[in-house]
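Contents: one structure, followed by commentary.
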Amino acid sequence: MKSLQGLGVALITPFCEDGTVDFPSLEKLVNYNIEGGTNYLVILGTTAENATLNSEEKIQVIDCVKKSNNKRLPLVLGIGGNNTADILHQVRTTDLNDFTAILSVSPYYNKPSQEGIYLHYKSIAENSNKPILLYNVPGRTGSNIEAATTLRLAQDCSNILGIKEASPNFLQSTQIIKDIPSDFMVISGDDELALPMVLAGGLGVISVLGQALPHEVSQMMQLALERKVDDAYKIHYKIKKLFELIFAEGNPSGIKALLSLKGICKPYTRLPLTPASSNLIEKIEKELENLSILA
């Protein structure tokens, strides 16, 4: 559990202008994060545009990150979706030896009941030899994992390690933190709420912005874990506008624009997503210049 505290980053998948995966930039991004103080890497989360990657590309992305990382940081792999049977097949057939845990997003679109969500995750837990991190992101999935369901899973499934909680209802997060077993992790899935979440008892963040500003975000998380509140909030307020800007036109368009400005990758996305507008790029560039952290 300690290896997944602090800053985890939800890695993007860089693309070339022709739409192919830009593996040299992915390698560069991994090294940049390791050198910047990131605590662990999340591969093929929703920020990776994994819905637009085919099965061969997913394997290539995994191999690239594993090779670049060279066992320096813990790795978490995203395996989730709205077809429970398919997820179970992926869990059984994927080589998970190099991964610390699986991050599994709550079923999207088909909007299951709380009982359906519970049984979905219980099935994954029973078929995985790796710990599971739940991922609640109602804004993307169309349904919420209620606090009672999270607590039930925490009590009933020994290898469900924790939850990446991205509900906009902060009271829901604090209810979970208040009542969970001592060995269950609550991790923020919302960059803007990461600091208050940790101060309330959470153990870190799986961040989008963190992959572009690993030094700042990892330092903020460490200060929060040490209960150095004023120092942590100094960083929070310093980068707060970037939290807002990178999501202004959807994720990962904004973070790719920021990473492009820092010389790490190109800003290209795959349809149906489009790259950030010139107006947003200008705003992000201006903010980076104000913060004196432009590459």
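So for the sequence shown, this note's numbering puts the first residue at 1385; every next one is plus one. Glycine is no exception: its CB is placed at the ideal position from the N, C-alpha and C atoms. Treat the numbers as computed from the prediction; the structure is a model and nothing was measured.
Inter-residue spacing [alpha-carbon to alpha-carbon] between residue i and residue j
i, j, result
"residue 1589", "residue 1477", "28 Å"
"residue 1659", "residue 1405", "15 Å"
"residue 1418", "residue 1455", "11 Å"
"residue 1481", "residue 1579", "32 Å"
"residue 1621", "residue 1510", "42 Å"
"residue 1438", "residue 1473", "16 Å"
Residues of its chain near residue i, where Cβ-Cβ distance is below 8 Å and the 5 sequence neighbours each way are ignored
i, result
"residue 1570", "1546, 1547, 1549, 1557, 1560, 1561, 1564, 1581, 1585, 1586, 1587"
Chain-order list of residues whose beta-carbon lies under 7 Å from that of residue i (same chain, five-residue window excluded)
i, result
"residue 1531", "1556, 1559, 1560"
"residue 1512", "1475, 1486, 1543"
"residue 1577", "1554"
"residue 1483", "1459, 1460, 1461, 1514"
Close beta carbons around residue i, own chain, < 6 Å, minus the five adjacent residues each side
i, result
"residue 1529", "1490, 1501, 1520"
"residue 1420", "1598, 1599"
"residue 1522", "1528, 1551"
"residue 1407", "1448"
"residue 1668", "1629, 1641, 1642"
Proximity of residue i and residue j at Cβ, strictly below 7 Å
i, j, result
"residue 1690", "residue 1462", "Because residue 1690 is not part of the residues shown, which for the chain are 1385 to 1679, the question remains open."
"residue 1430", "residue 1592", "no"
"residue 1683", "residue 1633", "Coverage of the chain is limited to positions 1385 through 1679, which leaves residue 1683 absent and any answer about it impossible."
"residue 1416", "residue 1457", "no"
"residue 1573", "residue 1391", "no"
"residue 1414", "residue 1387", "no"
"residue 1492", "residue 1537", "no"
"residue 1607", "residue 1616", "yes"
"residue 1448", "residue 1395", "no"
"residue 1498", "residue 1525", "no"
"residue 1625", "residue 1673", "no"
"residue 1436", "residue 1393", "no"
7 Å Cβ cutoff, residue i in contact with chain E
i, result
"residue 1675", "Considering every chain present, this structure includes no chain E. It has just one protein chain."
Check whether the segment 1390-1406 touches the segment 1631-1644, counting contact only when three or more Cβ pairs, one atom from each stretch, lie closer than 8 Å.
The segment 1390-1406 makes contact with the segment 1631-1644; the number of CB pairs closer than 8 Å reaches 3 or more.
Runs of alpha helix (DSSP H) wholly within the segment 1434-1479 (minimum 4 residues, chain order)
Segments of the alpha helix (DSSP H) lying fully in the segment 1434-1479: 1439-1453, 1468-1477.
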